[in-house]
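Trainee:
Protein chains in written order, with this note's numbering: chain Y, 28 to 108; chain X, 439 to 833.
#1: Among 664/X, 796/X, 711/X and 782/X, which residue has its Cα nearest to the Cα of residue 725/X?
#2: Please compile the residues from chain X whose C-beta is within a distance smaller than 7 Å of the C-beta of residue 23/Y.
#3: Where residue 748/X and residue 733/X are concerned, what is the direct C-alpha to C-alpha distance, given to the nearest angstrom?
#4: Taking 9 Å as the cut-off, decide whether the C-beta atoms of residue 501/X and residue 480/X are in contact.
#5: Does the stretch 645-663 of chain X come close enough to the stretch 615-634 of chain X that 3 or more CB-CB pairs lie under 8 Å?
#6: Skipping 5 residues on each side, what residues in its chain have a beta carbon closer than 7 Å to that of residue 521/X?
#7: Please classify residue 699/X as buried or exposed, where buried requires at least 16 other C-beta atoms within 10 Å of its C-beta.
#8: Is residue 67/Y closer than 9 Å to residue 785/X when the C-beta atoms are compared?
#9: At least one CB of chain Y closer than 9 Å to the CB of residue 834/X: is that the case?
#10: Can you check DSSP and say which residues form a bridge with residue 741/X?
#11: Rounded to the nearest angstrom, how far is the Cβ of residue 727/X from that of residue 670/X, given a contact under 8 Å?
#12: Contact between the stretch 449-469 of chain X and the stretch 91-99 of chain Y: three or more CB pairs below 8 Å?
#13: Report the three-state DSSP secondary structure of residue 684/X (helix, strand or coil).
#14: Across the stretch 455-467 of chain X and the stretch 70-89 of chain Y, are there enough close Cβ pairs to call them in contact, namely three or more that are closer than 8 Å?
#15: Give me the Cα-Cα distance between residue 614/X and residue 709/X, rounded to the nearest whole angstrom.
#16: Taking residue 484/X as the reference, give the member of 755/X, 737/X and 795/X with the closest Cα.
#17: Helix, strand or coil for residue 735/X, going by three-state DSSP, please let me know.
#18: So residue 495/X and residue 514/X are in contact, right, with Cβ under 8 Å, and what is the actual spacing, rounded?
#19: For residue 468/X, name the three-state secondary structure that DSSP assigns.
#20: Label residue 585/X either buried or exposed according to how many other C-beta atoms from any shown protein chain fall within 10 Å of its C-beta, with 16 as the threshold for buried.
#21: If distances are taken between C-alpha atoms only, which option among 627/X, 579/X and 776/X comes closest to residue 504/X?
#22: With distance defined between alpha-carbon atoms, name the residue in 682/X, 750/X and 487/X nearest to residue 475/X.
#23: By alpha-carbon positions, which one of 777/X, 821/X and 773/X ends up nearest to residue 687/X?
#24: Indicate whether at least one CB of chain X lies closer than 9 Å to the CB of residue 107/Y.
#25: For the stretch 71-82 of chain Y, enumerate the residues whose C-beta is nearer than 9 Å to any C-beta of chain X, in chain order.
#26: So is residue 747/X in contact with chain Y if we call contact Cβ pairs under 9 Å?
#27: Would you kindly report the start and end of the unbroken alpha helix (DSSP H) that includes residue 488/X?
#28: Along chain X, in chain order, which residues have C-beta atoms closer than 8 Å to that of residue 66/Y?
#29: In chain Y, which residues lie with their C-beta within 8 Å of the C-beta of residue 735/X?
#30: Scan the stretch 44-62 of chain Y for residues whose Cβ lies nearer than 8 Å to a Cβ of chain X and list them as they occur along the chain.
#31: Compile a chain-ordered list of the residues in the stretch 659-680 of chain X whose CB is closer than 8 Å to at least one CB of chain Y.
#32: If you count every other CB in all the chains shown that lies within 10 Å of the CB of residue 538/X, and 16 or more means buried, which is it?
#33: Look at the Cβ atom of residue 776/X, then the Cβ atom of residue 720/X, and state whether they are nearer than 9 Å.
#34: Which value, in whole angstroms, describes the spacing of the CA atoms of residue 626/X and residue 744/X?
#35: Residues in its own chain within less than 7 Å of residue 801/X by CB, not counting five upstream and five downstream?
#36: Kindly indicate if chain Y contains any beta-carbon less than 9 Å away from that of residue 537/X.
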């Protein structure tokens with residue numbers, strides 16, 4: 028899967044959690060929690076969404092590698108290759 | 439057979455009005471006690487309302503529509519045994535101003551009558567985003583001309599119609615504003631009527647968080663527990679030991695409740711807050727409680743809750759630590775007796791056996807009604823709570 032496709036799918040998962048998300052305004056290198064005001068329940072749902080979209084299991088200890096959109100893409104690219 | 443009016447129930451101490459969204463039963467349908475009969479829109483959510491009596495739905499008095507009706511408005515007639523029993527109301531109803539006697543066909547005078555009956559919903563073709571926007575604007579789609587394919591109403595049509603709308607009614611137009619108003623009313627009442635006292639303590643969470651991390655490491659992401667569930671369960675169990683904090687202040691006195699229904703403060707995207715109940719939180723295993731919480735948060739944010747969840751909370755828990763706040767000074771949701779607040783978990787120096795160690799700590803606070811309890815009981819509650827959180831495996 029190409030990184031652009033991963034990015035698109037991550038944004039789809041995010042949009043379900045933050046419906047008002049404008050992906051054009053999302054800074055890919057900035058903290059997602061701050062930008063989207065997600066709480067721990069939202070973040071868990073985000074990780075569940077990634078699990079469903081990519082079939083990857085994200086342990087809690089890896090949550091800190093999913094802080095930004097760029098982080099997510101890099102992390103998932105490493106996991107599914 | 440006796441018959442009784444099915445009245446618009448008071449789904450929470452701060453509810454004064456509601457709107458009929460949808461009937462799930464039609465005239466002639468049998469109704470079991472506790473069965474969902476219709477969906478009511480309140481300031482906070484669309485709420486599925488259960489019947490308080492068994493019988494037959496004889497007649498519907500208020501069709502779904504745009505009118506906001508006062509609490510107590512007859513909505514339908516139910517015939518059958520037990521139909522004469524009064525409907526359940528939120529515990530706060532007695533302390534709130536009694537609703538005015540409501541006319542059977544209720545159209546509050548302040549609201550203009552709808553100019554025309556709305557066509558059946560299926561005949562209006564609307565894009566989902568346009569429908570959502572129209573709901574937010576409280577715009578009746580029956581009066582919007584569609585310019586999309588096959589006369590479909592588009593988002594642009596909705597915006598145009600909203601802009602062309604005559605002056606807004608005196609009441610706030612959208613749910614956001616209505617919710618703000620409801621929160622304002624409840625909180626003003628709380629501060630006016632409830633003599634709060636506040637006690638707080640710092641709790642070492644190292645055992646709880648280590649236990650949680652170990653438990654979650656064994657679990658697939660869909661089965662993981664959130665730390666907040668430990669707080670809710672520990673609060674519920676601590677209330678068993680200090681039951682005088684669990685219940686309502688009604689009719690001039692505190693009434694304990696044997697069931698512990700923990701209201702969970704859930705902030706909504708875009709502002710506002712709702713605190714529906716996790717029913718019997720003290721009796722649910724952590725896994726069940728976690729699933730119930732996920733479901734509750736999702737439905738609260740989607741604006742779809744059940745009547746009991748709105749009327750039953752016997753206490754409220756709020757966890758405001760997500761954004762780093764360290765201490766919560768909570769305002770009690772009337773007519774409840776207490777609110778338990780948690781701040782952020784922060785790693786700080788902590789003395790253990792004469793040694794200074796870095797430990798994850800949380801400030802827990804209790805706001806309680808001084809008419810019902812004294813600070814001493816509040817202190818015991820927090821002590822029990824802290825103890826329970828030292829034995830997470832027993833939660």
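All C-beta atoms, glycine included, are put in the ideal place defined by N, C-alpha and C.
Mentor: Here's the rundown:
#1: The option with the nearest alpha carbon to residue 725/X is 664/X.
#2: Examination of residue 23/Y is not possible in this model, given that chain Y is present from 28 through 108 alone.
#3: Distance between the alpha carbons of residue 748/X and residue 733/X is about 15 Å.
#4: Their beta carbons are not under 9 Å apart, which means residue 501/X does not touch residue 480/X by this criterion.
#5: Taking 8 Å as the limit for Cβ pairs, the verdict is that the stretch 645-663 of chain X does not touch the stretch 615-634 of chain X.
#6: Residue placement at residue 521/X cannot be trusted, given a pLDDT of 47 that sits under 50; the coordinates are not used to answer.
#7: Residue 699/X comes out buried.
#8: No, these two residues do not count as a Cβ contact at 9 Å.
#9: Limits of chain X in this structure are 439 at one end and 833 at the other, which puts residue 834/X out of reach.
#10: Answer is none; residue 741/X lacks a bridge partner.
#11: Going by Cβ atoms, the distance from residue 727/X to residue 670/X rounds to 7 Å, so yes, they are a contact pair.
#12: Remark: fewer than three beta-carbon pairs, one from each stretch, lie closer than 8 Å, so the stretch 449-469 of chain X and the stretch 91-99 of chain Y are not flagged as touching.
#13: Residue state, collapsed to three classes: coil.
#14: Flag = no, the stretch 455-467 of chain X and the stretch 70-89 of chain Y do not touch.
#15: Distance between residue 614/X and residue 709/X, taken at the CA atoms: about 7 Å.
#16: When only C-alpha atoms are compared, the closest one is 737/X.
#17: When DSSP states are grouped into helix, strand and coil, residue 735/X belongs to the helix group.
#18: For residue 495/X against residue 514/X, the beta-carbon gap comes to about 6 Å, under 8 Å, which counts as contact.
#19: Of the three classes helix, strand and coil, the one that applies to residue 468/X here is strand, per DSSP.
#20: Within a 10 Å sphere around the beta-carbon of residue 585/X sit fewer than 16 other beta-carbons, which makes this residue exposed.
#21: The candidate whose alpha carbon is nearest that of residue 504/X is 579/X.
#22: That would be 487/X, whose Cα lies nearest to the Cα of residue 475/X.
#23: Closest by C-alpha distance to residue 687/X, out of 777/X, 821/X and 773/X, is 773/X.
#24: Taking Cβ atoms only, chain X never reaches closer than 9 Å to residue 107/Y, which makes this a no.
#25: For the stretch 71-82 of chain Y, residues whose beta-carbon sits nearer than 9 Å to a beta-carbon of chain X comprise 71, 72, 74, 75, 77, 78 and 79.
#26: It does not: the Cβ of residue 747/X has no partner Cβ on chain Y nearer than 9 Å.
#27: Residue range 484-488 is occupied by the beta strand (DSSP E) that includes residue 488/X, with no alpha helix (DSSP H) assigned at that position.
#28: Listed along chain X, the residues sitting closer than 8 Å to residue 66/Y by beta-carbon distance are 705 and 760.
#29: Here the neighbours are 68.
#30: Those would be 45, 46 and 47, in chain order.
#31: Of all residues in the stretch 659-680 of chain X, 659, 660, 662, 664, 665 and 666 have a Cβ within less than 8 Å of some Cβ in chain Y.
#32: Summary for residue 538/X: the model assigns pLDDT 36, below 50, so the residue's position carries little reliability; its value from the coordinates is reported in the next sentence. Looking at its Cβ environment, which holds fewer than 16 other Cβ atoms inside 10 Å, residue 538/X is exposed.
#33: Cβ distance not < 9 Å, so residue 776/X and residue 720/X don't count as in contact.
#34: Taking the straight line from one Cα to the other gives about 25 Å.
#35: Cβ neighbours of residue 801/X within its own chain (closer than 7 Å, five residues either side excluded): 638, 640, 764, 765 and 781.
#36: Confidence is the limiting factor: at residue 537/X the pLDDT is only 37, short of 50, which leaves the residue's position unreliable, though a coordinate-based value still follows. Taking 9 Å as the CB threshold, residue 537/X stays off the interface with chain Y.
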